[in-house]
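J.: Mind the numbering: the sequence shown is residues 574 to 1150 in the numbering used here, read in order. Yeah, the Cβ is synthetic: ideal placement off N, Cα and C, and Gly gets one too.
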Amino acid sequence: MFDLLVLLIPLFPLLAVLANGLYGSRYSHEWAGRLAFGSVGLSFLCTLGVFVSVLSHPEPREVIAWSWIFGGNLSINLAFLIDPLTTVMLLVVTGVGFLIHVYSVGYMHGEEGFTRFFTYMNLFMVSMLLLVMGSNYVVMFIGWEGVGLCSYLLIGYYYEKVSAGKAATKAFVVNRIGDAGFLIAVFLIFSHFGSLDYSTVLTQASSLSTEMATAITICLLIGAFGKSAQLPLYTWLPDAMEGPTPVSALIHAATMVTAGVYMVVRNHALFDMAPIALATVGIVGGVTALFAATIGLVQNDIKRVLAYSTVSQLGYMFLACGVGAYTAAIFHLVTHAFFKALLFLSAGAVIHSLSGEQDIRKMGGLYKKIPITHIVFLIGTLAIAGIPPLAGFWSKDEIMAHAFVHGYYPLYLLAAIGAFLTSFYMFRLTYLTFYGKSRVEPHVAKHIHESPPIMTYPLMILAGLAVVGGFLGVPPEHGWFHGFLHDVATPVGAEPHAVEMNTLLGLMSVAVAIALGGWALAHYMYSRRPQMANEWAEKFPQAYTTFLNKYYVDEFYDRFIVEPFKKLGMLLDWFDQ
């Protein structure tokens, strides 16, 4: 029974892909939508059954679908590894993914290509499920490439828009750079271990020399940084906002961008053998968390603010991995899935009510017109800002506390500043969107309306998870969540590190003060003295312009990488002729 449930998890959405993709034109959009979210719902129910089994039998179990490739010393099965880490990821992917699919039925109603949209969405789910369930690097890589392909298809869903086509191509190309690193790591792993199964590689990781472990993990990191939008491969994610809002929610919360974090945690036995790679993870994560937060300060597109917040929050997860807090990284991944899906879908409800408007400078005063959306968006803001007792507070505080008590003070400082800026720019977004005087165009204001129940019900469920989800990890480092993941996400050779309660309470108090400080500043600037933001922009024009133009990273890449390669291509084309 257990094996059957495991196999059904990816099978249900795969069947929906085939049905909608091949026969979707023969039945109504209503049935296409039901088939899409129903298949993911069935996967979630199967995941719950697997979860119950894993609770009583947490040891890793392999389920082989079929024996796939044999040749020489190479043997590859299409097989799935089920352990506590896989189970947590499955619950997030299928649970949050189901809510996004339900919401999408209402959001995409009347759109051309409705069936095509849900075919791609289900294929996205299948790919992500293969990625997290695979018991070897080949199955993981198939899922890894699959989510990259689906991101291209969904970001470019409005293919008649030039900007959407460019954004999709950019996402595809940047991810291919990261994927090349991942593929090289797979070759190195096979050359050393003679196997690509996790059970062989990760149990024999201690046999690696430091140099080989560093080479493998740095290549894995290139893949992780590309997929999870970390410096320097982050530029594709903000442009991915060209796709429909449910796509943004799926990419940012339940699927693609969490893949890099999962990959690092899954391979932590290799990373623990490579101190240089582990330090790189922490430093890049901390710098990215702060870097993206500064850009988010001045963005005016509601979805782009959330996009940079995703880049920043992923930085916290990598920072956690870098300091050995793998369980905290997955804990933040889970809570982030709740509140980020909530924020993106709430933003979609705002855009839906304003006939497609995304500029927060043309919003304001919406809390009276769309009260449900206002409340759930505020809950999401409180969660990501780290206001207790919401989910984001517990997971982010645990990462920061772990960095501090283990002596990673520079990383703690980066995280603390980033947390303050996160609180500030998220409350800035909330104030400009929902409070103050209405700046909505008159012809749009006449038609402002709350979203239909099929869109608001998923928001309410996600809001509830954003409120209570953090209690899974209470008390910090000793809660149920940490005990569940202990055997699969504890650093190799880690020893218990006793911390005085006064220290933890002090760090918790600092985290609360940081979050409240960001809220207070945003309230003062955008509620009490609205002109203050313009005054600061005029007082610090260079900083404002730099943040607004995203540090000119895209311009740098265009000038020194894209254009030279274009010219090289033209030269080679001329030579061939």
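Does the segment 928 to 939 come close enough to the segment 880 to 898 to have 3 or more Cβ pairs within less than 8 Å?
T.: In short, these stretches do not touch, since the Cβ pair count stays below three.
J.: Compare the beta carbon distance of Phe691 and Asn593 with 7 Å and say whether it is the shorter of the two.
T.: It is a contact, given that the beta carbons lie within the stated cut-off.
J.: Using 8 Å as the Cβ pair cut-off and three pairs as the minimum, do the segment 908 to 918 and the segment 873 to 882 touch?
T.: Output reads yes: the segment 873 to 882 touches the segment 908 to 918.
J.: So what's Glu1136 in DSSP terms, helix, strand or just coil?
T.: Reduced to three states, the DSSP call for Glu1136 is helix.
J.: Out of curiosity, what's the CA-to-CA distance linking Gly668 and Tyr1125?
T.: Cα to Cα, Gly668 sits roughly 38 Å from Tyr1125.
J.: Taking 7 Å as the cut-off, decide whether the C-beta atoms of Ala802 and Thr995 are in contact.
T.: No, the pair does not count as a contact, with Cβ atoms beyond the cut-off.
J.: Taking C-beta to C-beta, are Leu658 and Val907 nearer than 7 Å?
T.: No, the pair does not count as a contact, with Cβ atoms beyond the cut-off.
J.: Report buried or exposed for Arg839, applying the criterion of at least 16 other Cβ atoms within 10 angstroms of its Cβ.
T.: Classification of Arg839: buried, given that the 10 Å Cβ count is 16 or more.
J.: Look at the Cβ atom of Ile903, then the Cβ atom of Ala992, and state whether they are nearer than 7 Å.
T.: In this structure, Ala992 does not lie closer than 7 Å to Ile903 by Cβ.
J.: Out of curiosity, what's the CA-to-CA distance linking Leu651 and Leu761?
T.: Between Leu651 and Leu761, the C-alpha separation is close to 21 Å.
J.: For Ala880 and Met814, which I take to be in contact (beta-carbon distance under 8 Å), what is that distance rounded to the nearest angstrom?
T.: About 6 Å separates the two Cβ atoms, so the contact holds.
J.: Which of helix, strand or coil does DSSP assign to Ile960?
T.: In the structure shown, Ile960 sits in coil (DSSP, three-state: anything other than H, G, I, E or B).
J.: The beta strand (DSSP E) that contains Phe1044, what's its start and end?
T.: Taken as a continuous stretch (DSSP letters only), Phe1044 belongs to no beta strand (DSSP E), as it is neither H nor E.
J.: Below 8 Å, can you find three or more Cβ-Cβ pairs linking the segment 633 to 642 to the segment 671 to 683?
T.: Cβ pair count under 8 Å is below three, so no.
J.: Please tell me whether Tyr680 and Pro819 are closer than 7 Å, where the distance is taken between their beta carbons.
T.: Yes, the Cβ-Cβ distance between Tyr680 and Pro819 is below 7 Å.
J.: Leaving out the 5 sequence neighbours to the left and right, which residues in its chain are closer than 7 Å to Tyr1117 when beta-carbon positions are compared?
T.: Closer than 7 Å at the Cβ level, and outside the excluded window around Tyr1117, lie Val871, Ala1110.
J.: In chain order, which continuous runs of the alpha helix (DSSP H) of length 4 or greater are located wholly inside the segment 887 to 924?
T.: For the segment 887 to 924, not a single whole alpha helix (DSSP H) run of length 4 or above is found.
J.: For Trp1147, count neighbouring Cβ atoms within 10 angstroms of its own Cβ and tell me buried if that reaches 16, exposed if not.
T.: Trp1147 is exposed by the Cβ-count criterion.
J.: Quick one: using the 10 Å Cβ neighbour count with 16 as the cut-off for buried, is Asn748 buried or exposed?
T.: The residue in question, Asn748, is buried, as its Cβ has 16 or more Cβ neighbours within 10 Å.
J.: Whose C-alpha, out of Val579, Met701, Val590, is nearest the C-alpha of Gly611?
T.: Selected option, being the one with the closest Cα: Val590.
J.: Do you know offhand how far Tyr693's Cα is from Met701's?
T.: So the alpha carbons of these two residues sit roughly 12 Å apart.
J.: To the nearest angstrom, report how far apart Thr1063 and Ala842 are at their CA atoms.
T.: Using only the alpha carbons, I get a separation of about 9 Å.
J.: Over what stretch of residues does the alpha helix (DSSP H) that includes Leu581 continue unbroken?
T.: Segment 575 to 596, the alpha helix (DSSP H) holding Leu581.
J.: Do Asn695 and Ala753 have their beta-carbon atoms positioned less than 7 Å apart in this structure?
T.: It is not a contact, given that the beta carbons lie outside the stated cut-off.
J.: Could you check if Val1041 is buried or exposed, using at least 16 other CB atoms within 10 Å of its CB as the buried criterion?
T.: Exposed, because fewer than 16 other Cβ atoms sit within 10 Å of the Cβ of Val1041.
J.: Under 7 Å, do Met1098 and Tyr835 count as touching if we go by C-beta distance?
T.: No, the pair does not count as a contact, with Cβ atoms beyond the cut-off.
J.: Since Leu654 and Tyr771 should fall inside the 8 Å C-beta cutoff, what is the C-beta to C-beta distance between them, to a whole number of angstroms?
T.: Their Cβ separation, rounded to whole angstroms, is 6 Å, which keeps Leu654 and Tyr771 in contact under 8 Å.
J.: Going along the chain, which unbroken runs of the alpha helix (DSSP H) with 4 or more residues stay wholly within the segment 738 to 817?
T.: DSSP runs (the alpha helix (DSSP H)) wholly in the segment 738 to 817: 771 to 774, 783 to 800, 809 to 812.
J.: From Glu684, His1096, Asn646, Met1081, pick the residue whose C-alpha is nearest to that of Phe977; which is it?
T.: Checking every option, the nearest Cα to that of Phe977 belongs to Met1081.
J.: Can you round the beta-carbon distance between Leu963 and Leu955 to whole angstroms, since I take them to be within the 8 Å contact cut?
T.: 5 Å between Cβ atoms; contact.
J.: If you reduce the DSSP assignment to three classes, tell me which class Ser996 lands in.
T.: Correct three-state label for Ser996: helix.
J.: Quick check: what's the CA-CA separation for Ile715 versus Ala1106?
T.: So the alpha carbons of these two residues sit roughly 47 Å apart.
J.: For Tyr710, is the classification buried or exposed, using 16 other Cβ atoms within 10 angstroms of its Cβ as the cut-off for buried?
T.: Under this definition Tyr710 is a buried residue.
J.: Please classify Glu1014: does DSSP put it in a helix, a strand, or coil?
T.: DSSP places Glu1014 in coil when its eight states are reduced to three.
J.: Looking at the structure shown, is Gly938 part of a helix, part of a strand, or coil, going by DSSP?
T.: In this structure, Gly938 counts as coil in the three-state DSSP scheme.
J.: Buried or exposed for Tyr1004, please, with buried defined as at least 16 other CB atoms from any protein chain shown within 10 angstroms of its CB.
T.: Tyr1004 is buried by the Cβ-count criterion.
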